[in-house]
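Here the sequence shown is numbered in this note's numbering, starting from 3 and rising by one per residue.
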Amino acid sequence: MRKKVLILTDKEGWHFTQIKSSLSNLNYQSLSCNLNELSLIINNKKSYIVDLNGEEINVDYVLVRYIPGGTLEEIISYLNILKTFELNNTKVINTAENIEKTVDKSLTSLLLQKNNILTPNTYILHDITLVKKFIKDKLPSNKIIYKPMFGSQGDNIQIIENYSEIDNMNIIGNIFYIQDFIETNPPHDYRVLAIRDNNQYLMFAMTRHGRNYLNNYSKGAECEYYEIDDDLKAISEKIVNIFNIDFCGIDFIKQDGKYFALEVNSIPAWRGIQSVHDDNITDSFVKCMFE
């Protein structure tokens, strides 16, 4: 019987098509839905997941490509669905625990620092009055950068160089995740796509050259192949093990010859990095995760 993989996604775009093709090549059957279309049933006999028709979901693997936004209750519910799959011995990539550690930038920064991984100085502040005082004390000697706590793809990231810019910031919520800005000239950073398979590591790397301080591929950055060096490979392997994650994207920036880890992404995109590598990354990923 063909093994089944449930792909949790909001759209059937490039990544979905690549994954589905690679799975088909291995004779796997792929299904797809949005996580918000699933529900959790708990009774005295068993706990299980059902679709919109009330039909129980029985698959061998779950691949998470999207977590919907929503209230705290909704997000906890989505993660509990993933945890239920795991408790029912379905392999989930990546797990709810992986996602919890990486979607929250403050927890990511904390775990990096506690494990002696260089990362920019980070400040998680509450209340705009405190933020204004903090920024006034930091500027003009240090540029700082504001990031939404749960943001992605470079959205709503803002560099602050002058105190007057605070009132024009597009603030999301009342939690302020702020970091010292590490400047590169010209603007660029490093992305490592890391795959772990039974303590064997497969790494794909690139540099991303942005039009400004945003180096995201989704924001128009140009990608270039990067031959991963021993230092970057060792740091990436260490991060994979700190987070106990089999598949992730890690962003770095370099200052004074040292790599600083910026973010760890548990639902990484790889279209940009694929554009500068000859090997089929999706085939490699699928073989490592599902065979």
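Even for Gly, the Cβ is constructed at its ideal location relative to N, Cα and C.
- F178 sits in a strand when the DSSP states are folded into three classes.
- Boundaries of the beta strand (DSSP E) harbouring V66: 63 to 66, taken from the DSSP string.
- Three or more pairs of CB atoms, one per stretch, sit closer than 8 Å, so the segment 250 to 267 contacts the segment 112 to 128.
- For A236, the enclosing alpha helix (DSSP H) has its first and last residue at 232 to 245.
- By the Cβ-count criterion, Q202 is exposed, with fewer than 16 other Cβ atoms from all chains shown falling within 10 Å of its own Cβ.
- Beta-bridge partners of H211 (DSSP): E224.
- Under the DSSP assignment, K93 falls in the beta strand (DSSP E) whose first and last residues are 93 to 95.
- The three-state secondary structure of G72, taken from DSSP, is coil.
- Boundaries around K260 are those of the beta strand (DSSP E), 260 to 267, since no alpha helix (DSSP H) includes it.
- Listed as beta-bridge partners of D248 by DSSP are no residues whatsoever.
- Just measuring C-alpha positions, the residue of S277, C290, M291, L54 sitting nearest W16 is S277.
- Contact between T97 and L113 fails: their C-beta atoms lie close to 15 Å from each other, not under 8 Å.
- Sixteen is the threshold: since fewer than 16 other Cβ atoms of the shown chains lie within 10 Å of the Cβ of Y227, the residue is exposed.
- In this structure D233 does not touch I197 by the C-beta definition: roughly 19 Å separates them, more than the 8 Å allowed.
- Between D53 and N36, the gap from beta carbon to beta carbon reaches 8 Å or more.
- Rounded to whole angstroms, the Cβ separation of D253 and R213 is 17 Å, and the two are not in contact under 8 Å.
- Membership of A196 in the beta strand (DSSP E) is indicated by the continuous run 191 to 199.
- Going by C-alpha positions, I95 is about 43 Å away from D139.
- Straight through space, the alpha carbons of L10 and I59 are spaced by roughly 12 Å.
- In the three-state reduction of the DSSP assignment, M205 falls in the strand class, which pools E and B.
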